[in-house]
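Chemist:
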Ligand code: AMP
Ligand code: GLY
């Protein structure tokens, strides 16, 4: 593990911290590299830059929003480990924060750590908890972590027999990474058998991702995302969020990377969160540790709140997108210090309660026409400044760039994550949608019901 604090103090930049109007201390500044280009990475850059300890902030490859924050975008692929390591050395990077799962699964954190660079993000061995659904399910089975009953298959025929002998509906999951799309929730056995064919025979999500599948019981209930910062066997729970994965209102249509989120979820009582920490996070973190799968980063549990209690649908090894946007909208502490400590195995001093704004935040994702299928890019985006002029509104960029005339244009499926704080969920929702109505680009679509179910359940 790298020990960068000594080195950081050799870094010539320093900042002066003001406390109550008096100058008290000079703290070293840390140069930071954020890897990724989505709304999550924009939110990370935004908060990291607010730290009095922040030196230069780089983003690889970043988007128009990260550049607007003053980060230096560098056009390197997040999978190009060697160029990233050289960038870290050249720019004297003190902390690398890795956003997406692909570079984590490909061993970027290990590669950088081996070169004495401090990294917030798990090893490739630990990232298997997201990169392989078979690995995650087997780890849960061995650690008695509550999850849907399941079976693993590497051939379609036994999978078909299994499906046809269940007396409940199932979900069929490709083992490997598929951009959040390799999960098919099925109504009946015929659809499930078709799902097996799509994944294993037609290789809809790629040959590697579909080599093995998990067939598991379909669970009913409300979903919730719970994230924790993990460092070795220390973990710090973050407030729970609710994602909206389906593309259309009323949870209709195919799954996406996430169409919107809010934080916190009113369903999550302190007792429920303690149960989730005790029965899900603690045994999972210990199981990873037992297997020497080093984890410094975010462990994210996608949960279904069933009548029998919370069940894990999936684990991710990183901050969620878009959950991070409302989560960090509420964060009032020094994120850089927290992630720096976690990356260095020094998390023990950070215990709850963490400094979060008590007000809820709602995030609405604006997408390109056709997303989550094929979409066009290069559409001019209007109205972001008007939206951000509203109080307690922040527009995080995801798929955006500047064209050669300096105009803000679309550059991905998920384009913007419009996020607002409000005194309660109703206000946060109203403000977020008021901001959304300021923004326009050709073909823009979004869900109009982010947070609505929770709001109705409160009234
Ligand atoms: P995953 O990537 O495994 O979280 O799956 C994506 C989405 O599929 C989840 O957010 C759920 O909406 C749904 N899903 C996954 N597993 C199940 C399950 N066992 N029962 C019902 N829905 C599920
Ligand atoms: N919002 C779901 C995810 O980040 O995987």
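Residue numbers (my numbering): 18 to 476. Each residue gets a CB set at the ideal place from its N, CA and C atoms; glycine is no exception.
1) Can you give me the C-alpha to C-alpha distance between residue 470 and residue 476, rounded to a whole angstrom?
2) With respect to 7 Å, is the separation between the Cβ of residue 169 and the closest non-hydrogen atom of the ligand AMP below this value?
3) Would the beta-carbon of residue 181 be found less than 7 Å away from any heavy atom of the ligand GLY?
4) Do you know offhand how far residue 65's Cα is from residue 414's?
5) Per DSSP, residue 240 is paired with what?
6) Check residue 117 in the structure and name its three-state DSSP category.
7) Just list the residues that DSSP pairs residue 233 with in beta bridges.
8) Using the C-alpha atoms, what's the distance from residue 139 back to residue 98?
9) So the candidates are 109, 106, 103, 129; which of them puts its Cα closest to the Cα of residue 115?
10) Quick check: is any heavy atom of the ligand AMP less than 7 Å from the C-beta of residue 165?
11) Alpha carbon to alpha carbon, what distance is there between residue 310 and residue 458?
12) Identify the continuous beta strand (DSSP E) that holds residue 279 and give its terminal residues.
13) If you draw a straight line from the C-alpha of residue 286 to the C-alpha of residue 322, how long is it?
14) Quick check: what's the CA-CA separation for residue 185 versus residue 179?
15) Would you mind sorting residue 418 into buried or exposed? The rule is 16 or more other CB atoms within 10 Å of its CB.
16) Since residue 152 is in the alpha helix (DSSP H), which residue starts that stretch and which ends it?
17) The ligand GLY and residue 80: does the residue's C-beta get closer than 7 Å to at least one heavy atom of that ligand?
18) Kindly indicate which three-state DSSP category residue 203 falls into: helix, strand or coil?
19) What would DSSP say about residue 33, mapped onto helix, strand or coil?
20) Confirm, please, whether the CB-CB distance from residue 263 to residue 253 is below 8 Å.
21) Tell me, to the nearest whole angstrom, how far the beta carbon of residue 304 is from that of residue 160; I am working on the premise that it is less than 8 Å.
22) Identify every residue that forms a DSSP beta bridge with residue 265.
23) Does the separation of the CB atoms of residue 431 and residue 274 fall below 8 Å?
24) So what does DSSP say about residue 252, is it helix, strand or coil?
25) Alpha carbon to alpha carbon, what distance is there between residue 401 and residue 219?
26) Tell me, to the nearest whole angstrom, how far the beta carbon of residue 135 is from that of residue 102; I am working on the premise that it is less than 8 Å.
27) Does residue 283 come out as helix, strand or coil in the three-state DSSP assignment?
28) Run through the DSSP bridge pairs and tell me what residue 431 is partnered with.
29) Could you tell me if the beta carbon of residue 197 falls within a distance shorter than 7 Å of some heavy atom in the ligand AMP?
30) Within 8 Å, do at least three Cβ pairs link the region 378-389 to the region 431-442?
31) Among 46, 59, 445, 393, whose alpha-carbon lies nearest the alpha-carbon of residue 78?
32) Examine the ligand GLY and report whether any of its heavy atoms sits within less than 7 Å of the Cβ of residue 340.
33) Between 142, 455, 284, 297, which lies nearest to residue 119 when the distance is taken from Cα to Cα?
34) Which one of 153, 358, 426 has the shortest CA to CA distance from residue 112?
35) With three or more C-beta pairs closer than 8 Å as the rule, is the region 83-92 touching the region 149-159?
36) Tell me which same chain residues have a C-beta within less than 6 Å of the C-beta of residue 38, skipping the five on either side of it?
Modeler: With the given structure in hand:
1) 10 Å
2) no
3) no
4) 16 Å
5) 321
6) coil
7) 167, 188
8) 15 Å
9) 129
10) yes
11) 44 Å
12) 277-280
13) 12 Å
14) 11 Å
15) buried
16) 150-160
17) no
18) coil
19) Low confidence applies to residue 33: its pLDDT is 47, below 50, so where it sits in the model is not reliable enough to give any reading.
20) no
21) 4 Å
22) 269
23) yes
24) strand
25) 41 Å
26) About 13 Å separates the two Cβ atoms, so there is no contact after all.
27) coil
28) 384
29) yes
30) yes
31) 59
32) yes
33) 142
34) 358
35) no
36) Low confidence applies to residue 38: its pLDDT is 43, below 50, so where it sits in the model is not reliable, and the reading given next is rough at best. Nothing listed; no residue qualifies.
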